[in-house]
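A.B. asks: First, the structure itself, so that you have it in front of you.
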Amino acid sequence: MLLALRELQLFLQDLAARDAGRLNMWELEIQAGGVSTISLEEAPGAVIPDNDPGGVERSLSTTEAGTVKDISVSVDITHTWIGDLQIKLISPAGTEVVLHNRSGGSADNIIRSYSAAAVPALSTLQGQQLAGTWKLKIADLEAQDVGKLNKWELQITR
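Structure below.
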């Protein structure tokens, strides 16, 4: 795709008589067509074994071509003590990103989305190939509370 840009200009006008201002900087971001988002999801109702570092691992696969520009992960997990849990996303290239690491203490359930803004380590997946098997691994690292992965979803922009 060939994109031709003609001269771009920014016009400013100060319409107030009492003060003066100065533009220090401006920028323009242009995103070419062809950007799309792939959505993968699963609602397995998978039990998360109690006090088991092996945890539960689920997979979502795609044959879509392209590289990752941005990614977000949404999870719906029922658990009565989220401070027991560690959640990781594993890319087809084997890169592991920790999304949740035993925080939240005695709070119930994790129903949230993780983006690069909230989990900067997700930006390490940018540029990786989209095609392949994406894995979510959830481990309950303490005894007495059993949980369940109700649903998880990937939104990958290429």
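Just so we're aligned, residue 22 is where the sequence shown starts under my numbering, counting upward by one. Glycine included, C-beta positions come from ideal geometry on N, C-alpha and C. In this text, all values refer to a predicted model and were calculated from it rather than measured experimentally.
Apart from the five residues just before and just after GLU174, which ones in its own chain have a Cβ nearer than 6 Å to its Cβ?
C.D. replies: In the sequence shown, the residue the question calls residue 174 occupies position 153. Hits under 6 Å: GLU62 and SER95.
A.B. asks: Below 8 Å on the Cβ atoms is my contact criterion, and I expect SER112 with LEU146 to pass it. Report the Cβ-Cβ distance as a whole number of Å.
C.D. replies: Residue mapping note: residue 112 aligns to position 91 of the sequence shown, counting from 1. Residue mapping note: residue 146 aligns to position 125 of the sequence shown, counting from 1. Confirmed, Cβ separation roughly 5 Å.
A.B. asks: CA-CA distance, MET22 and GLY168?
C.D. replies: The residue you call residue 22 lines up with position 1 of the sequence shown. The residue you call residue 168 lines up with position 147 of the sequence shown. Note on MET22: pLDDT 42, under 50, position unreliable in the model; the coordinate value appears next. Roughly 49 Å separates the two Cα atoms.
A.B. asks: Please report how far the alpha carbon of LEU36 lies from the alpha carbon of ASN45, in whole angstroms.
C.D. replies: What you label residue 36 is simply residue 15 of the sequence shown in a count that begins at 1. What you label residue 45 is simply residue 24 of the sequence shown in a count that begins at 1. Roughly 18 Å separates the two Cα atoms.
A.B. asks: What residue from THR88, TRP155, GLN150 and THR99 has the CA that sits closest to ASP161's CA?
C.D. replies: Locating residue 161 in the sequence shown gives position 140, where the first residue counts as 1. Comparing Cα-Cα distances from ASP161 to each of THR88, TRP155, GLN150 and THR99, the minimum goes to THR99.
A.B. asks: Taking only three categories from DSSP, how would you classify LEU23?
C.D. replies: Here the question's residue 23 lines up with position 2 in the sequence shown. Annotation note: pLDDT 46 at LEU23 (below 50); position unreliable, coordinate value reported separately. If DSSP states are grouped into helix, strand and coil, LEU23 belongs with coil.
A.B. asks: So, for LYS172: in the same chain, excluding its five sequence neighbours on each side, which residues have a beta-carbon less than 6 Å away from its beta-carbon?
C.D. replies: What you label residue 172 is simply residue 151 of the sequence shown in a count that begins at 1. If we look at LYS172 and ignore the five residues flanking it on each side, its Cβ neighbours are ALA64 and ASP97.
A.B. asks: Quick check on GLY42: buried or exposed, where buried means 16 or more other Cβ atoms within 10 Å of its Cβ?
C.D. replies: Along the sequence shown, read from residue 1 onward, the residue named residue 42 stands at position 21. Exposed, because fewer than 16 other Cβ atoms sit within 10 Å of the Cβ of GLY42.
A.B. asks: Return helix, strand or coil for ARG39, following the three-state DSSP convention.
C.D. replies: Within the sequence shown, residue 39 is the residue found at index 18, counting from 1. Residue state, collapsed to three classes: coil.
A.B. asks: Within this structure, are the beta carbons of ILE180 and ASN122 separated by less than 8 Å?
C.D. replies: Not covered by the structure: residue 180. The range shown for the chain is 22 to 179.
A.B. asks: Can you list, in chain order, the residues of its chain whose CB lies under 8 Å from that of GLY75, leaving out five sequence neighbours each side?
C.D. replies: For the purposes of this step, residue 75 is identified with residue 54 of the sequence shown, where counting begins at 1. Cβ within range, chain order: ALA160.
A.B. asks: Counting only the same chain and skipping the five closest in sequence on each side, list residues whose C-beta sits under 6 Å from that of ILE132.
C.D. replies: Here residue 132 corresponds to residue number 111 of the sequence shown, with the count starting at 1. So the list reads ASP97, once near-sequence residues are dropped.
A.B. asks: With a floor of 4 residues, list each alpha helix (DSSP H) that falls wholly inside the segment 107-167, ordered by position along the chain.
C.D. replies: Listed in chain order, there is nothing to give.
A.B. asks: Got a sec, what are the start and stop residues for the beta strand (DSSP E) PRO14 sits in?
C.D. replies: The chain is shown from 22 up to 179; residue 14 falls before or after that span and cannot be answered.
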